[in-house]
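Novice: Could you have a look at this structure, given as structure tokens, before my questions?
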Amino acid sequence: MKNRVGIIGAPITIAQPNYGVDLGPNAIRYAGLHKRLDGLNVKYEDYGNIDIKNEGSNEKDPKTNLKNLKEVTSGNQKIADKLKKIKSKGDFPLILGGDHSIAIGTIAGLYSFYQELGVIWFDAHADLNSGETSPSGNIHGMSLAASLGVGHQDLTSINGDGPKVKPENTVIIGARSIDEGERKFIKEHGVQVYTMHDIEKRGMDAVIKEAIDYLRPRVNGVHLSLDVDGIDPLHTPGTGTPVDGGPSYRETFHAMSTLYDSEILTSVEIVEVNPLLDQRNQTAEVATDMIAAVFGEKYI
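In this text, residue positions in the sequence shown follow this note's numbering: the first is 462, and each later residue adds one.
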């Protein structure tokens with residue numbers, strides 16, 4: 462890692478229904494994040510947590526079918542502004558969530574620096590819903606769609622109107638819970654998706670290498686958005702929307718290590734760690750392990 466890592470806590474929790482995901486950034490720090498980075502000789506600065514107002518309702522707005530649109534938009538605008546500041550310093554952003562809606566702000570902030578930004582979305586879910594298709598109205602399930610320019614204007618216009626990443630520059634890995642509207646979106650827009658069926662059939666090594674080879678000639682930066690529910694909940698019980706049958710700890714660690722070796726990543730976020738749902742901070746410890754792999758930690 463040549464650049465200094467800039468660590469930001471982004472504790473949005475009101476884009477999903479469970480209390481506690483706002484505690485995720487500090488749980489990851491308490492799991493030994495700084496010590497692990499020190500052990501890898503990674504230079505970093507921890508900028509602390511962004512001040513997010515998590516005051517909202519669990520009721521959908523009947524006009525938009527969205528929950529807490531104003532508050533989620535405001536929080537993500539703060540995230541985008543902070544990302545722009547640390548990128549302007551030359552830092553490599555490491556963002557600790559918070560629910561997965563924070564990706565709207567992180568990708569919007571990165572857009573100022575990468576006109577051909579690539580995104581690797583490691584998640585059990587596609588997060589390609591909008592107010593028109595969402596069964597729940599929870600914006601954390603709309604964050605990739607909003608980054609692709611689809612959804613409510615308040616979400617798509619953070620740091621400028623329109624898409625911040627192109628569908629053909631987007632790769633989803635580990636998906637196994639995809640809504641009908643999201644399936645339609647994937648087919649119509651040509652998003653590259655590797656479901657668990659692909660991983661089971663071909664292996665994680667082949668999938669992650671193919672994803673890297675697919676993105677490398679297309680983009681001038683790659684953002685990794687790692688949702689801990691992308692990993693099998695046997696390893697990550699402390700998350701709000703677990704889906705059985707995901708990649709194992711070893712498969713995920715291998716994927717993160719391969720991404721490090723590729724030198725393709727220019728920013729990383731990890732989201733949906735919820736200590737209130739966890740067992741002895743296990744999920745935060747796994748999250749820290751995966752961050753360490755992204756920054757070069759090996760078994761030997």
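We treat Cβ as the ideally placed atom computed from N, Cα and C, and that holds for glycine.
1. Checking contacts by CB at 7 Å: is Val680 closer than that to chain C?
2. Alpha carbon to alpha carbon, how far is Thr474 from Asp454? Give it in angstroms, no decimals.
3. Are the beta-carbon atoms of Ile600 and Ser562 separated by less than 7 Å?
4. Give a single yes or no on whether Lys645 has its beta carbon closer than 6 Å to a heavy atom of the ligand NAD.
5. Hey, which unbroken runs of the beta strand (DSSP E) at 3 residues or more fall wholly within the segment 667-727?
6. Going by beta carbon distance, what residues of the same chain come within less than 8 Å of Gln740, once the five residues before and after it are set aside?
7. Assign Glu661 to one of three DSSP states: helix, strand, or coil.
8. How about Asn537 and Ile619: do their beta carbons lie closer than 7 Å?
9. Would you kindly report the start and end of the unbroken beta strand (DSSP E) that includes Pro736?
10. Is it the case that the Cβ atoms of Val626 and Ser608 are separated by a distance below 7 Å?
11. By the 10 Å Cβ neighbour count, where 16 or more other Cβ atoms means buried, how is Glu577 classified, buried or exposed?
12. Would Gly706 pass as a contact of Met665 if the rule is Cβ separation under 7 Å?
Specialist: Looking at the atomic coordinates:
1. No chain C is present in this structure, which holds just one protein chain.
2. No statement about residue 454 is possible, as the shown extent of the chain runs from 462 to 761 and does not include it.
3. A Cβ-Cβ contact shorter than 7 Å links Ile600 with Ser562.
4. By its list of ligands, the structure shown contains no ligand whatsoever, and the ligand NAD lies outside what it can speak to.
5. Complete beta strand (DSSP E) runs here, min 3: 682-688.
6. A distance below 8 Å between beta-carbons, with the five flanking residues on each side excluded, links Gln740 to the following residues of its chain, in chain order: Pro698 and Gly699.
7. In the structure shown, Glu661 adopts helical secondary structure according to DSSP, grouped into three states.
8. Taking 7 Å as the Cβ cut-off, Asn537 and Ile619 qualify as a contacting pair.
9. Here Pro736 belongs to no beta strand (DSSP E), and DSSP marks it neither H nor E.
10. Result yes, Cβ atoms of Val626 and Ser608 sit closer than 7 Å.
11. With fewer than 16 other Cβ atoms within 10 Å, it is exposed.
12. No, these two residues do not count as a Cβ contact at 7 Å.
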